[in-house]
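Contents: one structure, followed by commentary.
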Amino acid sequence: MDRFDSLSAFVAVADLKGFAAGARKLGLSASAVTRLVAALEDRLGLRLLQRTTRSVTLTDAGARYLERARRILADLEEADGAAQAERGTPVGRFVVSAPLVFGRMHVAPLMGAYLKLYPEVVGELRLSDRMANLVEDGVDLAVRIGNLPDSSLIARPIGETRRVVIAAPGYIEENGEPTDPRELASHKIIQFTGLGGSNDWRFVRGGQDERTTIVPHYLTNSADAAIFHARLGGGLAMVFAYQVAQELHDGQLKIVLRQFEPPAPPIQLVYPAARLLSAKVRTFIDMALERTDWRFGDF
């Protein structure tokens, strides 16, 4: 039995509270993970996990052992990282997570350039508007838009993007341009739910936050669909500025209610706290800082 494999299996099952979930994280079968944990318990002569048909929980001994197991695995990862850093060339699997549209438009080209520069890295780019749990989902680095609520992660600001209300010139010509958020009640509203599912839009008036209730005419979780409908004259939509940069440049869309926009949220590179930054994460951050300009504010 490989003790580190058994420790990894135990920690994954404990973190995710299930053998199937732990197995998915490790890329193993559930039966293999079950055998690894059982072998660890047999070697220790302790029951670490309490199993029922519906749940997996830690025993008191398991909770104490989990803390030590985490330290051992962290030390091993740090040792591997140090050896890799000394070698100077990033190698192995590298998982990056990013929002769907931003990832497609901006992170994918950066990832391609990175893999070309470091051919010994096996890259995986996961695009989703769902906020990934970096540790549980096995993500090395994430690109996130907005402030970071989780203090256990490290964030490196790399840009910013405004939240803008946009409409097609034809729609404005036909329906008039709103000059105050209170006028939204008389307009057709396209709601991109990726910015939040609540039925209000955030504005700032006189330095104070203001929430304006909206009654959507069209709802979608796709930024592309919301933007497409706005281009057709379907109404007003609130989206991130980077999502409509080309349409604004070409005159297909226009920003309205500029003076009421909230502060631009940051674009950040986010990764788990570690005593030693892996060569893969470090070199990806360096490339991003050198090659990208992710400030989407001037239109």
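In the numbering used here, the protein residues as written are 14 to 312. A virtual CB, placed ideally from N, CA and C, is assigned to each residue, including glycine. In this text, all values refer to a predicted model and were calculated from it rather than measured experimentally.
- Phe-216 is the residue among Phe-216, Arg-304, Gly-310 and Lys-293 whose C-alpha sits nearest the C-alpha of Pro-275.
- By the criterion of at least three beta-carbon pairs nearer than 8 Å, the segment 15 to 31 is in contact with the segment 79 to 91.
- For Glu-223, the uninterrupted beta strand (DSSP E) segment begins and ends at 221 to 226.
- Taken through DSSP and simplified to helix, strand or coil, Tyr-78 comes out as helix.
- With a cutoff of 8 Å on beta-carbon distance, His-200 and Leu-249 are scored as near each other.
- Taking the C-beta atoms as reference points, Val-120 is found nearer than 8 Å to Ala-111.
- Your pair Trp-307 and Met-251 does not check out as a contact, with CB atoms roughly 20 Å apart and the cut at 8 Å.
- Judged by DSSP in its simplified three-state form, Tyr-127 adopts helix.
- About 7 Å separates the CB atoms of Thr-296 and Tyr-131; that is less than 8 Å, so the two are in contact.
- In this structure the segment 272 to 286 touches the segment 166 to 185; the number of beta carbon pairs closer than 8 Å is three or more.
- Short of 6 Å from the beta carbon of Pro-103, and not among the five residues preceding or following it, lie these beta carbons of its own chain, in chain order: Tyr-131, Val-134, Ala-292, Lys-293 and Thr-296.
- Contact check for Val-69 against Lys-30 passes: the beta carbons are separated by less than 8 Å.
- Of the residues Asp-153, Leu-49, Leu-59 and Val-269, the one whose Cα lies closest to the Cα of Leu-197 is Val-269.
- The criterion of a C-beta distance shorter than 8 Å is not satisfied by Asp-73 and Glu-149.
- When secondary structure is reduced to three states using DSSP, Gly-136 falls in the strand class.
- A distance below 7 Å between beta-carbons, with the five flanking residues on each side excluded, links Ala-43 to the following residues of its chain, in chain order: Phe-32, Ala-33 and Ala-36.
- By the neighbour-count criterion, in which 16 or more other beta carbons inside 10 Å mark a residue as buried, Gln-272 falls on the exposed side.
- Boundaries around Arg-169 are those of the beta strand (DSSP E), 166 to 174, since no alpha helix (DSSP H) includes it.
- Annotation for Val-109: Val-120, Met-124, Gly-136, Glu-137, Leu-138, Arg-139, Val-152, Asp-153, Leu-154, Ala-155, Val-156 and Phe-297 place their beta carbon closer than 8 Å to its own, counting only its chain and skipping 5 residues before and after.
- Judged by DSSP in its simplified three-state form, Thr-233 adopts strand.
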